[in-house]
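Protein chains in written order, with our numbering: chain V, 1 to 244; chain E, 1 to 394.
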């Protein structure tokens, strides 16, 4: 799969006046981690939701290589994986039941389903809690289960929406290391976070958006001035006023 | 199909771990069936099966009072073992006290002229006595007085006659045959289908609650991102709750057969046509699940789902003859009840259980329930389509 290209992508929610995304143009190369940054309400989650196919009605064009993303997804439905910022699993089901259910929803069955569930559980290190109800796990384990579910279909494009919120430093370090290893396997990873040091540590390229517009985009080394860091650049571009 | 089966399995697992939700679905209707069947048993039995005590206070002496008492007794009316004194008639026992004025016995033998007025009797009644029972006793008193008057006048005319010969009950025998052979519903025949329907419609609670949680927790968004069609997500809820509704029906019939008689109530008479009972149950289930799906899609919070689903069910039950049988409602309310899906379902169950009807008798209620289910499902899809933003990403 080639570069994920967004060309002049615009979106507004039905019945609301303001534009949430305004002609967003980005090039997200395969095999790296692309950091998508912005203050609350900037349009990050909306952008992720459009890429994941949850929101329709956006104008502009999204393509993966030479092929429209929608066509790729019709051809290979599970080429794209999503790890949302919510714990998007069933708290009353066990971890194993959640993995089995979401695997089946991706068309996996029988031995292949068991194999993928075991591999995803092992990758996210949740094998020891497979029999426990997901709602009773610690915050770190919940995040890891969330990641495991997103990897069941072996997606080529992985969308990670603030995947480390509310976890302890050990779990965060583990998650970041895992995500880095996923990019090494040739995936395209879009990563949103409010933690600038995380983005600086694992992303190759970044884009900072605000009010639905791209303020800056490019390789980390290109966008951050020599005598500055990502957080300083972020504050400089998005200003200090509170957003919510 | 594999994905649909996975959705059914997930829904079943989720429901099986919701102990409170299951209690609402199974224990609530069972409790209502037992309590209401017992509490309303006298109301459904009518006069003869209900014990009502009465007393006669006659100023013409104890013999006349005794004669009247003996003639008035029967068909559920029993002489009070402790007749009240005149001064304590406000006490509610006995429920009926007939006060006979001085000279009444003599007046019975006197022909009434054109201008004459009949002898005056007074009946003191407990205000809580059902009007039908009061009317029945009034007719009974007038019948007895007529028999006594005719026999007294015939005696005066020199014809030996006993008042027994003019007893209205001896005039002719009148048997009543009702459609289906079982008459008006007994308490248990009314309450088992009624509270079963109420319980079946309560699947709105777990359906909508889990759906709201799925939307709030981002699970629905994840499923949409996996390209699971929304119509399949809705269908994924139909299978498990259909099974739940069938299980409710089986258990509530069992409660009517075992639990109610165990507590001293009547035993539910089972229908002759089980296939028709299954058809009515299935149609009711589809309507209930359709209602649950619409509430689920329309509700943004658990509170909304609880209020819309719960209040909607209670209103439909109140109007539809679940809480109060329709035959005791005034005509205007009976007409209004025809808009309640619960009334359609009750019509279907009564046609099978009470009237031992055939397929033609359940066609109309089943047709209405299925049409409603289709409309509700279409409305749920339409509401979802209109919003076009199924995720919590807003």
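Where a beta carbon is used, it is the ideal one built from N, C-alpha and C, also for glycine. Only a predicted model underlies this, so the values are computations on that prediction, with no experimental measurement involved.
With C-beta atoms as the reference, is residue i less than 7 Å away from residue j?
i: residue 32 of chain V; j: residue 183 of chain V; result: yes
i: residue 409 of chain E; j: residue 293 of chain E; result: Nothing in the structure corresponds to residue 409 of chain E, since chain E is present only between 1 and 394.
i: residue 365 of chain E; j: residue 347 of chain E; result: yes
i: residue 159 of chain V; j: residue 52 of chain V; result: yes
i: residue 120 of chain V; j: residue 151 of chain V; result: yes
i: residue 212 of chain V; j: residue 168 of chain V; result: no
i: residue 224 of chain V; j: residue 230 of chain V; result: yes
i: residue 55 of chain E; j: residue 16 of chain E; result: no
i: residue 208 of chain V; j: residue 174 of chain V; result: no
i: residue 50 of chain V; j: residue 58 of chain V; result: yes
i: residue 89 of chain V; j: residue 134 of chain V; result: yes
i: residue 212 of chain E; j: residue 288 of chain E; result: no
i: residue 38 of chain V; j: residue 94 of chain V; result: no
i: residue 6 of chain V; j: residue 26 of chain V; result: yes
i: residue 200 of chain E; j: residue 139 of chain E; result: no
i: residue 210 of chain V; j: residue 48 of chain V; result: no
i: residue 240 of chain E; j: residue 53 of chain E; result: no
i: residue 80 of chain V; j: residue 157 of chain V; result: yes
i: residue 192 of chain E; j: residue 362 of chain E; result: no
i: residue 321 of chain E; j: residue 337 of chain E; result: yes
i: residue 116 of chain V; j: residue 107 of chain V; result: no
i: residue 82 of chain V; j: residue 340 of chain E; result: no
i: residue 419 of chain E; j: residue 309 of chain E; result: Residue 419 of chain E falls outside the range modelled here, since chain E spans only 1 to 394, and no answer is possible.
i: residue 376 of chain E; j: residue 291 of chain E; result: yes
i: residue 2 of chain V; j: residue 60 of chain V; result: no
i: residue 24 of chain E; j: residue 242 of chain E; result: no
i: residue 105 of chain V; j: residue 3 of chain E; result: yes
i: residue 96 of chain E; j: residue 137 of chain E; result: yes
i: residue 167 of chain E; j: residue 104 of chain E; result: no
Looking at the secondary structure, which residues open and close the alpha helix (DSSP H) in which residue i lies?
i: residue 173 of chain E; result: Note, residue 173 of chain E: premise wrong, no alpha helix (DSSP H); not H, not E.
i: residue 349 of chain E; result: 341–353
i: residue 154 of chain V; result: Unbroken run through residue 154 of chain V: none, as it is neither H nor E.
i: residue 220 of chain V; result: 220–223
i: residue 101 of chain V; result: 95–105
i: residue 96 of chain E; result: Premise fails: residue 96 of chain E lies in the beta strand (DSSP E), 96–100, not in any alpha helix (DSSP H).
i: residue 130 of chain V; result: From DSSP, residue 130 of chain V is part of no alpha helix (DSSP H); its letter is neither H nor E.
i: residue 137 of chain E; result: 131–156
i: residue 89 of chain V; result: Counting along the chain, residue 89 of chain V falls outside any alpha helix (DSSP H), and DSSP gives it neither H nor E.
i: residue 70 of chain E; result: 62–72
i: residue 7 of chain E; result: 2–16
i: residue 83 of chain V; result: Element bounds for residue 83 of chain V: not the alpha helix (DSSP H) but the beta strand (DSSP E), 80–83.
Checking the sheet assignment: what are the DSSP bridge partners for residue i?
i: residue 168 of chain V; result: Residue 168 of chain V is not bridged to any residue.
i: residue 5 of chain V; result: V/27, V/63
i: residue 257 of chain E; result: Looking at the DSSP assignment, residue 257 of chain E forms no beta bridge with any residue, so it has no partner.
i: residue 210 of chain V; result: V/213
i: residue 189 of chain V; result: V/33, V/158
i: residue 308 of chain E; result: Looking at the DSSP assignment, residue 308 of chain E forms no beta bridge with any residue, so it has no partner.
i: residue 77 of chain E; result: E/52, E/74
i: residue 68 of chain V; result: V/63
i: residue 58 of chain E; result: E/100
Between which two residues does the beta strand (DSSP E) holding residue i run?
i: residue 361 of chain E; result: No beta strand (DSSP E) contains residue 361 of chain E, which is instead part of the alpha helix (DSSP H) from 359–387.
i: residue 202 of chain E; result: Neither: residue 202 of chain E is in no beta strand (DSSP E) and is coded neither H nor E.
i: residue 122 of chain E; result: 122–125
i: residue 110 of chain E; result: Counting along the chain, residue 110 of chain E falls outside any beta strand (DSSP E), and DSSP gives it neither H nor E.
i: residue 293 of chain E; result: Per DSSP, residue 293 of chain E belongs to no beta strand (DSSP E); it is in the alpha helix (DSSP H), 274–298.
Return the chain-ordered list of same chain residues with a C-beta closer than 8 Å to the C-beta of residue i, the five sequence neighbours on each side being excluded.
i: residue 38 of chain E; result: 187, 260, 263, 264, 265
i: residue 370 of chain E; result: 283, 286, 287
i: residue 394 of chain E; result: Note on residue 394 of chain E: pLDDT 33, under 50, position unreliable in the model; the coordinate value appears next. Closer than 8 Å at Cβ, skipping near neighbours: no residue.
i: residue 125 of chain V; result: 144, 174
Ignore the nearest five residues each way along the sequence and tell me which others in residue i's own chain have a CB closer than 7 Å to its CB.
i: residue 392 of chain E; result: Because residue 392 of chain E sits at a pLDDT of 36, beneath the cut-off of 50, its placement in the model cannot be relied upon, and the point is left open.
i: residue 144 of chain E; result: 68, 71, 72
i: residue 203 of chain V; result: 33, 34, 35, 191, 220
i: residue 389 of chain E; result: At residue 389 of chain E, the pLDDT of 49 sits below 50, so the modelled position is not reliable and the matter cannot be decided from this model.
i: residue 87 of chain V; result: 142, 146
i: residue 100 of chain V; result: 113, 117
Taking Cβ positions only, does residue i come closer than 7 Å to chain B?
i: residue 39 of chain V; result: No chain B appears in this structure, whose protein chains are V and E.
Give me, in chain order, the residues of the same chain whose beta-carbon lies closer than 6 Å to that of residue i; leave out the 5 immediate sequence neighbours on both sides.
i: residue 317 of chain E; result: 198, 323, 342
i: residue 237 of chain V; result: 208, 215
i: residue 190 of chain E; result: 325
i: residue 281 of chain E; result: 249
Closer than 6 Å to a non-hydrogen atom of the ligand GTP - does that hold for the CB of residue i?
i: residue 203 of chain E; result: Within the structure as shown, the ligand GTP is missing, as the structure has no ligands at all.
Practice prompt. Flag this pair as touching only if the region 375–388 of chain E and the region 299–311 of chain E have three or more C-beta atom pairs under 8 Å; answer yes or no.
Written response: no
Practice prompt. Report yes or no: do three or more beta-carbon pairs, one from the region 119–130 of chain E and one from the region 95–106 of chain E, lie closer than 8 Å?
Written response: yes
Worksheet item: Do the region 24–31 of chain E and the region 247–257 of chain E touch if we need at least three Cβ pairs shorter than 8 Å?
Response: yes
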